[in-house]
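Residue numbers (the working numbering): 26 to 348.
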Amino acid sequence: MSKSDKYAFCPRCGYTGKIQGNACPKCGSNIGKWVAPPFFKRKIVLIPLVVLIGIIGISTYFSFTNKGVAAEFRHVRQPRPNVFYVGIDVSATAREEVLDKIKDGVISRLKQFVGDEAVSYQVDSFGNPGCGNASFRTLVSTQSPKEMSRFTVEVDERIRTISPKDAEAAAKNVKAYVTTPLHLLLEKVMKEKPGGRIIVFSDLMNDDSDCTRQYPFPEEAIIEFGKNPEGQLIFLYPSPAMVNTPELNEKTLKQQQGFIRDMQKLSGEGKIRAFFYHMPDDLNKMDFFVKFQLQNSIPVTNFDIVVERVSKVVDTIVSAVRG
């Protein structure tokens, strides 16, 4: 490059490259004042700078055009959550080995709060035999114990009793319906724990068709829950169980995606803070997934809180980009 050449950026047309004099070779604009210092010629500086500008631009755009993204930016400085609810689906399609990893992850996370009585939590299983509320089993509902010995008896041992075996046995008994009233569960918990952190492990299949009463998607309860900015819904969901009937598989996938779409629509409108994370099909990746997602969903340390806030903003922007 000759001494008269300069490396510049044109704010009008976006041209980045060499110029002679002060005119942009692409659009002819006077960009002498935009001539970059010599160190910007180095890719190691230029590439990260362009990426940073792009991130700032995208974040700014969606903070003005998407209410969900704007809400996450507003909530970055919120205090640490102290009220948690964990719902675990134990319907007949639940995999025992996956449930074991979920139970280990939940127990390990809640154990971090021993001695902190400001924290309270509830752990339920659902998808048990029975219709409506009969499908729910509350294993734990307590303030965090003071001592580890109490935690072991009152929390650890009770959570480990969660199993899909009851549902599997009931599936063979036509008198005991096996249902998954996800809609009812959400409506019930959101009313009981306004401002709480609700974490649900489920394939997102609402199935109460065998029962006398069916419960619709709880939109009104969701909107009411969303009025408290500290409330969050977090869904960790596996791929739905597939069968040998393509038509039925397609219907199942549509049902799962339909629930996610309806919830994300409300989230994009700023009416609820809802997040979805797909569980890996590879069991070898499940330990890391459960540990990382529970660290974000149930933050304990200041570092956990920072990571959670950043990841929630990023997740919301990515969701907005995908539409």
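Don't be surprised by glycine CBs; every beta carbon is placed ideally from N, CA and C.
- Shown here for Ala266: same chain residues with a beta carbon closer than 6 Å to its own, the five before and five after excluded, namely Thr118 in chain order.
- Within the same chain, Cβ atoms closer than 7 Å to the Cβ of Gln280 are found at Met230, the five residues on either side in sequence being excluded.
- Spanning the alpha carbons of Leu209 and Leu124 requires a straight line of approximately 22 Å.
- No Cβ-Cβ contact shorter than 8 Å links Asp181 with Ile248.
- Under the three-pair Cβ rule at 8 Å, the segment 235-242 does not count as touching the segment 271-278.
- The beta carbon of Gln137 sits closer than 6 Å to those of Val325, all from its chain and outside the five residues before and after it, given in chain order.
- Using a 10 angstroms sphere on the CB of Gly140, the tally of other CB atoms stays under 16, which defines it as exposed.
- In the structure shown, Val123 falls within a helical segment according to DSSP collapsed to helix, strand and coil.
- With contacts defined as CB atoms closer than 8 Å, Glu179 and Pro189 fail to qualify as a contacting pair.
- The continuous beta strand (DSSP E) containing Arg222 extends over residues Arg222 to Phe226.
- The shortest C-alpha to C-alpha distance from Glu217 to any of Asn47, Tyr110 and Cys49 is the one to Tyr110.
- Judged by their CB atoms, Gly152 and Ser174 are not nearer to each other than the 8 Å cut-off.
- Taking every protein chain shown into account, the CB of Thr205 has 16 or more other CB atoms within 10 angstroms, so this residue is buried.
- For Arg238, the number of other beta carbons within 10 angstroms of its own is below 16, and it is reported as exposed.
- Annotation for Asn327: no residue places its beta carbon closer than 7 Å to its own, counting only its chain and skipping 5 residues before and after.
- Looking from the CA of Gln282, the closest CA among Phe317, Ser227, Lys296 and Cys236 belongs to Ser227.
- The segment 301-316 makes no contact with the segment 160-169: fewer than 3 CB pairs, one atom from each, lie closer than 8 Å.
- Rounded to whole angstroms, the gap between the alpha carbons of Ile184 and Gln168 is 15 Å.
- Just measuring C-alpha positions, the residue of Met215, Cys49 and Ile285 sitting nearest Gly256 is Met215.
- As the crow flies, the alpha-carbon of Val144 is around 23 Å from that of Glu212.
- Linking Val335 to Gly46 through their CA atoms gives a straight-line distance of about 43 Å.
- Nearest Cα to Ile187 within the set Ile297, Asp149, Ile223 and Asn107: Asp149.
- Per DSSP, reduced to three states, the secondary structure at Arg162 is strand.
- Beta-bridge analysis with DSSP links Phe314 to no other residue.
- Remark: C-beta atoms of Phe300 and Lys252 do not approach each other more closely than 8 Å.
- For the pair Val315 and Ile127, the CB atoms are nearer than the 8 Å cut-off.
- In the structure shown, the three-state DSSP call for Ala143 is coil.
- According to DSSP, Val108 shares a beta bridge with Ser145.
- Rounded to the nearest whole angstrom, the CA to CA distance from Leu164 to Val268 is 32 Å.
- Gln289 carries a helical assignment under DSSP once its states are collapsed to helix, strand and coil.
- Here DSSP, grouped into helix, strand and coil, assigns Phe260 to strand.
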